[in-house]
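Residue numbers (the numbering used here), protein chains in the order written: chain A, 56 to 434; chain B, 56 to 434. Even for Gly, the Cβ is constructed at its ideal location relative to N, Cα and C. Computed from a predicted structure; not experimentally measured.
There are 2 protein chains.
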Amino acid sequence: MTEASFTDDHRARVLLMMMTEGGNERVWHAVDQRGASTLVDELLRGTISDSSLQRLTKRLPHASSDLDEMIADQMIRAKALGARLIIPGDRQWPTQLDDLAARAPLGVWVLGNANLRLLALRSIAIVGARAATSYGQLLARTTAGTLADRGWLVVSGGAFGIDVAAHRGALGAGGTTACVLAGGVDVAYPRSHENLFSDVARDGLLLSEAALGAAAQRQRFLTRNRIIAALARATIVVEAALRSGSRTTAREAGELLRLVMAFPGPVTSVASAGTHELIKDGQAVLVTDADDVVHLLGEPPVLEVPDEMPVIATARSADYDHEHTEALLGVLPVRGGIGLDELASRMGADAAQVGSMLGVLELTGRVERNNAGWRRARP
Amino acid sequence: MTEASFTDDHRARVLLMMMTEGGNERVWHAVDQRGASTLVDELLRGTISDSSLQRLTKRLPHASSDLDEMIADQMIRAKALGARLIIPGDRQWPTQLDDLAARAPLGVWVLGNANLRLLALRSIAIVGARAATSYGQLLARTTAGTLADRGWLVVSGGAFGIDVAAHRGALGAGGTTACVLAGGVDVAYPRSHENLFSDVARDGLLLSEAALGAAAQRQRFLTRNRIIAALARATIVVEAALRSGSRTTAREAGELLRLVMAFPGPVTSVASAGTHELIKDGQAVLVTDADDVVHLLGEPPVLEVPDEMPVIATARSADYDHEHTEALLGVLPVRGGIGLDELASRMGADAAQVGSMLGVLELTGRVERNNAGWRRARP
C-alpha cells in the first residue's frame, strides 16, 4: 500500500472497520449515502439520528486526536506486517464482493503480494467440516491441488479439517490460495495454523474485513463465510455436518448465484450428511473429482482489469500483452524498484493505465513489487 | 391359473413366448394387429409376408399337433410348479407394463400366490451391482427391509450383490418381494440362489416373460431389465459401475417417467461411480435412506383395481372394504375353498366384481387361494 493511494476514504474505513462488525447493512448504507469520512465526522460530532448508528458512537473516541491514534495504530501494524487495505474503488478491489450489496465489507486487509482482484476472478472456494474424515481431507487436498495446478485460486477459511487440507493442497501443487480469516490478518487462529498462514501470505493471500488485531470471535466466523462465498466464483463443499458453517457458505453462494458443488460420501458418514442434503435440496451439484469441477466451470474466465484492457486470466506468456507491455518491461529495472508515478512519467503514459498493465504482469509473475516500487521479476 | 381363464389367446401367447425373444416390437405389433391366435395360425401356414416375422417360423413346428405338444409341455411344467400365465387383459396383468408399448412382454409366467397387479401398483425396484461392496449390500438390505415393512413391494432381479440383498431385506422384514428372472421361472440362475427363489415364490412373486425352462441367456438379462423398470413405480440404484445393467434399468425407468433414485457412496469406490453419474446427469435423485424414498414417493398409492373399485393399497384393516366385503367374507369357508363362479353365484353378484374384491382381500392377507378355490385366511 503506497501512501499515495491512501485517501481520507481509506482512513475513515480503517476506523469504521474497527468500530463495526462486518455485514452491518445500516453502516454500509450510511457510508454509501454520506461517504465514510462524513460518517465518521458525524459520528464524532454526535449529529447522527439513526439509533443503531448512534450505538456505534459508544465505541468512538472523544476527540479527533484519539481517532488519529486509532488509525496510526492500524497503520503501524500494517507496516510491520506488510499488510495493505483494499477498499471499493481500489484497483485490487474484488468487485465480486459488491454482489453482497449492503452486506459487502467496507474494505479488506490483505497480506500477500498477489493481485486480489484478478485472482478472485478465477477463484474457487473449497470449504467443509472442521471434523473432517481422512476421506474428506484427501478429497480437499487432491481437488485443491488439481484446481490450483490448472490456474484457479483456491479460497478457504484456514480452519481445521477441510480448510487446511484445501490450502495445503493448493500450496503443495505450487498454486495459489487465499485464506479469508474471521479475525485480523495478523491474528493466527487457530494458533496451530500459524505456519499455514505464513505460507499462504507468502505464496498467496491472507485477507479479512476485521481490523488488524481483531480477535477471531464466534460471530465473525459466520459473517466471514459470506466473504468466501462472494469472493469465489464457485464453492465446493467437501464434507459438512447437517448443521454447519459450510452449509451457510453454500447457501450464501447459492443466493449470490454462484455455482455450488458438493462431494458425496458414504451415507453412513455423518460428515457427508450435510453435502448430501445440499445435493438433495438442489443447492449443490454432485461432483466426484476436480475434472467434474472444471467441466462445470469451464476454463478460468477472461479477466477484465481496470481501464477496459481485456486480459486472459490464464496468461502465462506474452500472448495477452498490452501493446505497450514491452516498452514497460524495458523501463523496469531488474534490481531495486521504481514507483508507479515515476514509471508513468518515463512511459509518457497515464498512471492508471500503467498500473493496470503492472497488475496483469504481476499476476503472470513477470513483475514484482517491493518497498522501492516495481521491478522485473527474475525468471 | 384355472382352466376357465385359459383362452386361445393364452395358448397362442404361450407359443409365441417360446418362439420369440422378449421386447420384439414386430411380434408385438403383429399380435396387436391380428391377435396372437391368428398370428400363430398364419406363421404355421406360412402366409406371413414380414421377413422378420417369417424368420420366427423357422422355430415353428410343422404341424398343429406339434404345436399342441409344445403347449402341453409348458402346461405340464406350469402345473408341476404351480406357475400361472398372466397376459394383457387378465385381472392380474400389471398394466404398468403397458407403458413399454411395443416392447411390452406378451405375457409373464408367475410363481407365487400374491396379486401381481395390485402389488405392482405399490412397488419399488432396488437394483445394483453384482460386484457390490458390503456398504452397498447393507444399504440394499436395510432400505428394502424398511420399504417392505411400510407396505411396498420390493422388485429386483435375483442376481448376486445388490439384488439378493434387496430380496433378503424385504423377506427378512416380513414383507413382499418380486423377482423378475431372465430365464424361465423354473430355472434357478444363479443356481446358488435356488433357496432365495423358493423363498421369494413362497412369500412373494417370481416372474418372467421367458418360457418355462428357458435358459437365462445373456441377452435376456438386458431385456429383462426393462420389465423391472416398467413394473415398479420407482427404481432405486444402490451401487453401479460406470457401465452396468443397473444403469440400463435406471435409463429405462427414466424414459418410462418413473422416479429414479440413487445412493451415493465414497467417490473412491468404483461401485458407486455409476450412481454418481446417474445423479450428475440428472437421471437419478440422490437418496440416503428409506425415509428419503418415502418422502419422494409419498405413501403407497391409491390402487385402482378392475371394475373401478377404489381401494387404498395400504389397507390393513376393513377401512377400505367394499360395501359387500363383509357379505363376501361371510360366504367364504375357513377350510377348503370355493371357486369364483360359485362365490359369485352365492353372492348374487357379477364374477368380475367378486374377483376384484377377492384381489383386494388377498392383497391385505384376509383371503387366500388354494387348489380348491378361495377361503378366508387364518389371522
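Subject >> Those runs of the beta strand (DSSP E) which lie wholly inside the stretch 280-365 of chain B and span at least 3 residues >> reply: Counting only runs of at least 3 residues, the stretch 280-365 of chain B fully encloses the following beta strand (DSSP E) elements, listed from N- to C-terminal order: 289-292, 314-317, 357-360.
Original post:
Can you tell which of 253(A), 282(A), 333(A), 255(A) has the C-alpha that lies nearest to the C-alpha of residue 263(A)?
Top reply: On the first sequence, residue 263(A) is found 208 positions in, with the first residue counted as 1. When only C-alpha atoms are compared, the closest one is 282(A).
**OP:** Assign residue 119(A) to one of three DSSP states: helix, strand, or coil.
**Re:** Against the first sequence, residue 119(A) aligns to sequence position 64. Reduced to three states, the DSSP call for residue 119(A) is helix.
Original post:
Which runs of the beta strand (DSSP E) fall wholly inside the stretch 211-287 of chain A and span at least 3 residues, in chain order?
Top reply: Fully enclosed beta strand (DSSP E) runs of 3 or longer: 232-235, 260-263.
Subject >> Delimiting residues of the alpha helix (DSSP H) encompassing residue 69(A) >> reply: Sequence index remark: in the first sequence, residue 69(A) carries index 14 (1-based). The continuous alpha helix (DSSP H) containing residue 69(A) extends over residues 63-74.
Subject >> Min CB distance residue 244(A) to chain B below 8 Å >> reply: Stepping through the first sequence from its first residue, residue 244(A) is reached at position 189. Taking Cβ atoms only, chain B never reaches closer than 8 Å to residue 244(A), which makes this a no.
**OP:** Please look up how many angstroms separate the CB atoms of residue 159(A) and residue 83(A), rounded, as I've assumed it's under 8 Å.
**Re:** The residue labelled residue 159(A) in the question sits at position 104 within the first sequence. The residue labelled residue 83(A) in the question sits at position 28 within the first sequence. The Cβ separation is near 6 Å, so the contact holds.
Original post:
Just curious, the alpha helix (DSSP H) that residue 199(B) is in, first and last residue?
Top reply: Reading the second sequence from its first residue, position 144 is the one you call residue 199(B). Residues 189-204.
Subject >> Collapsed DSSP secondary structure at residue 410(A) in the structure displayed >> reply: Residue 410(A) sits at position 355 when you count from the first residue of the first sequence. Residue 410(A) falls in the helix class under three-state DSSP.
Original post:
Is residue 106(A) helix, strand or coil by DSSP?
Top reply: As a first step, residue 106(A) is located in the first sequence; it is residue number 51 there, counting from the start. Three-state DSSP puts residue 106(A) in a helix.
**OP:** Assign residue 90(B) to one of three DSSP states: helix, strand, or coil.
**Re:** Taking the first residue of the second sequence as position 1, residue 90(B) is located at position 35. In this structure, residue 90(B) counts as coil in the three-state DSSP scheme.
Original post:
Would you call the stretch 149-166 of chain A and the stretch 321-328 of chain A in contact, with 3 or more CB pairs under 8 Å?
Top reply: Short answer: they don't touch.
Original post:
How should residue 425(A) be labelled, buried or exposed, when 16 other C-beta atoms within 10 angstroms of its C-beta is the threshold for buried?
Top reply: What you label residue 425(A) is simply residue 370 of the first sequence in a count that begins at 1. Classification for residue 425(A): exposed.
**OP:** State the Cα-Cα distance for the pair residue 280(B) and residue 261(B), rounded to the nearest angstrom.
**Re:** Against the second sequence, residue 280(B) aligns to sequence position 225. Against the second sequence, residue 261(B) aligns to sequence position 206. Taking the Cα positions, residue 280(B) is about 14 Å away from residue 261(B).
Original post:
Bridge partners of residue 164(B), per DSSP?
Top reply: Taking the second sequence and counting its residues from 1, one reaches residue 164(B) at position 109. Listed as beta-bridge partners of residue 164(B) by DSSP are 140(B), 263(B).
Original post:
Relative to chain B, which residues along the stretch 303-322 of chain A have a C-beta separation below 9 Å, given in chain order?
Top reply: Going along the stretch 303-322 of chain A in chain order, one finds 318, 319, 320, 321, 322 with a Cβ nearer than 9 Å to chain B.
**OP:** Measure the C-alpha to C-alpha separation of residue 232(A) and residue 255(A) and round it to an integer number of angstroms.
**Re:** Counting from one through the first sequence, the residue named residue 232(A) turns up at place 177. Counting from one through the first sequence, the residue named residue 255(A) turns up at place 200. About 6 Å.
Original post:
Hey, out of 69(B), 95(B), 99(B), 74(B), whose CA is closest to residue 126(B)'s CA?
Top reply: By one-based count along the second sequence, residue 126(B) stands at place 71. Minimum Cα-Cα distance from residue 126(B) among the listed residues 69(B), 95(B), 99(B), 74(B) corresponds to 69(B).
Original post:
Relative to the alpha-carbon of residue 423(B), which residue among 344(B), 343(B), 201(B), 257(B) has its alpha-carbon at the smallest distance?
Top reply: Along the second sequence, one-based indexing puts residue 423(B) at 368. Cα-wise, what sits closest to residue 423(B) is 257(B).
**OP:** Output the distance between the C-alpha atoms of residue 259(A) and residue 206(B), rounded to the nearest integer angstrom.
**Re:** Taking the first residue of the first sequence as 1, we reach residue 259(A) at position 204. Taking the first residue of the second sequence as 1, we reach residue 206(B) at position 151. Their Cα atoms are separated by approximately 58 Å.
Original post:
Secondary structure at residue 83(A), three-state DSSP: helix, strand or coil?
Top reply: One-based indexing of the first sequence puts residue 83(A) at position 28. Of the three classes helix, strand and coil, the one that applies to residue 83(A) here is helix, per DSSP.
Original post:
If residue 217(B) sits next to residue 195(B), beta carbons under 8 Å apart, how far is it from one beta carbon to the other, in whole angstroms?
Top reply: Translated into the one-based positions of the second sequence, residue 217(B) becomes position 162. Translated into the one-based positions of the second sequence, residue 195(B) becomes position 140. Between the beta-carbon of residue 217(B) and that of residue 195(B) there is about 5 Å, and that keeps the pair under the 8 Å contact cut.
Subject >> Closer than 8 Å to chain B by CB, residue 102(A) >> reply: To locate residue 102(A), count along the first sequence from 1; it is residue 47. No, residue 102(A) does not count as interfacial toward chain B.
Original post:
Starting from residue 172(B) and walking both ways along the alpha helix (DSSP H), at which residues does that stretch end?
Top reply: Within the second sequence, numbered from 1, the residue matching residue 172(B) stands at position 117. Where residue 172(B) is concerned, the enclosing alpha helix (DSSP H) stretches over 171-175.
Original post:
What separation, rounded to the nearest whole angstrom, lies between the Cα atoms of residue 209(A) and residue 311(A)?
Top reply: Residue 209(A) sits at position 154 when you count from the first residue of the first sequence. Residue 311(A) sits at position 256 when you count from the first residue of the first sequence. C-alpha of residue 209(A) to C-alpha of residue 311(A): approximately 18 Å in a straight line.
Original post:
Listed in chain order, which residues of the stretch 328-342 of chain A have Cβ atoms closer than 9 Å to some Cβ of chain B?
Top reply: Result list: 328, 330, 331, 332, 334, 335, 340, 341, 342.
Original post:
So, do the stretch 267-281 of chain B and the stretch 236-243 of chain B have three or more beta carbon pairs nearer to each other than 8 Å?
Top reply: Three or more beta-carbon pairs separated by less than 8 Å link the stretch 267-281 of chain B to the stretch 236-243 of chain B, which places the two stretches in contact.
**OP:** Find the nearest neighbour of residue 417(A) within the set 128(A), 65(A), 171(A), judged by alpha-carbon distance.
**Re:** Translated into the one-based positions of the first sequence, residue 417(A) becomes position 362. Nearest of 128(A), 65(A), 171(A) to residue 417(A), Cα basis: 171(A).
Original post:
With 16 as the cutoff for other CB atoms within 10 Å, does residue 181(B) come out buried or exposed?
Top reply: In the second sequence, residue 181(B) corresponds to position 126, counting from 1. Looking at its Cβ environment, which holds 16 or more other Cβ atoms inside 10 Å, residue 181(B) is buried.
**OP:** Count the C-beta pairs between the stretch 136-156 of chain A and the stretch 387-404 of chain A that are closer than 8 Å, then say yes if the count reaches three, no if not.
**Re:** Counting C-beta pairs closer than 8 Å gives fewer than three between the stretch 136-156 of chain A and the stretch 387-404 of chain A, which falls short of the contact rule.
Original post:
Below 8 Å between beta carbons: does that hold for residue 302(A) and residue 333(A)?
Top reply: As a working note, residue 302(A) is residue 247 in the first sequence. As a working note, residue 333(A) is residue 278 in the first sequence. Here residue 302(A) is near residue 333(A), since their CB atoms are less than 8 Å apart.
Subject >> Through-space distance from residue 77(A) to residue 116(A), alpha-carbon basis >> reply: Locating residue 116(A) in the first sequence gives position 61, counting from the first residue. Locating residue 77(A) in the first sequence gives position 22, counting from the first residue. It is roughly 20 Å from the alpha-carbon of residue 116(A) to the alpha-carbon of residue 77(A).
Original post:
Taking Cβ positions only, does residue 194(A) come closer than 8 Å to chain B?
Top reply: Counted from its first residue, the first sequence places residue 194(A) at position 139. Judged by the 8 Å Cβ criterion, residue 194(A) is in contact with chain B.
**OP:** Check the DSSP bridge columns for residue 179(B) and list the partner residues they point to.
**Re:** For the purposes of this step, residue 179(B) is identified with residue 124 of the second sequence, where counting begins at 1. 209(B), 289(B), per the DSSP bridge assignment.
Original post:
residue 344(B) touches chain A at which residues, Cβ-Cβ below 8 Å?
Top reply: Numbered from its first residue, the second sequence carries residue 344(B) at position 289. What residue 344(B) touches in chain A: 322.
**OP:** Could you please give me the residues that DSSP links to residue 428(B) through a beta bridge?
**Re:** Here residue 428(B) corresponds to residue number 373 of the second sequence, with the count starting at 1. Note: residue 428(B) sits in a beta bridge opposite 425(B).
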